[in-house]
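Structure first, then comments.
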Amino acid sequence: KLFGSADRRWWHTSAWRKFPRAAPAAGMVAVNSRHIFVIDKVLPNGMVMAYDYNSGGNASRYHMRSLAGYEVRNPRS
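Mapping the sequence shown onto my numbering, position 30 (from 1) lands on 11, and the numbers just tick up by one.
Now the structure itself:
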């Protein structure tokens, strides 16, 4: 979604922590120690709509997520 192709360098969450912290916004990623997802839209209730490419059971989903327990990072910098 972000870089145009699959790349094994981005499979580990530690790779995403190298990007600078950012405020929640479209195009940013949310990262914790075990998972990442791409923010598409920030909702007024503090939640986000997100592209979640490993949402459990090898499923990819677009759904509402909480940012609790996640750091937001800017992969475009």
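Glycine included, every Cβ here is placed at the ideal spot set by N, Cα and C.
Small disclaimer: the values here were computed from a predicted structure and weren't measured.
Taken through DSSP and simplified to helix, strand or coil, S41 comes out as coil. Between the stretch 34 to 47 and the stretch 6 to 21, the count of C-beta pairs closer than 8 angstroms reaches three or more; the two stretches touch. Here A49 is not near V23, since their CB atoms are 8 angstroms or more apart. Exposure of P25 is indicated by the presence of fewer than 16 other C-beta atoms within 10 angstroms of its C-beta. By a beta-carbon distance limit of 8 angstroms, S47 does not contact M30. Their separation comes to about 12 angstroms.
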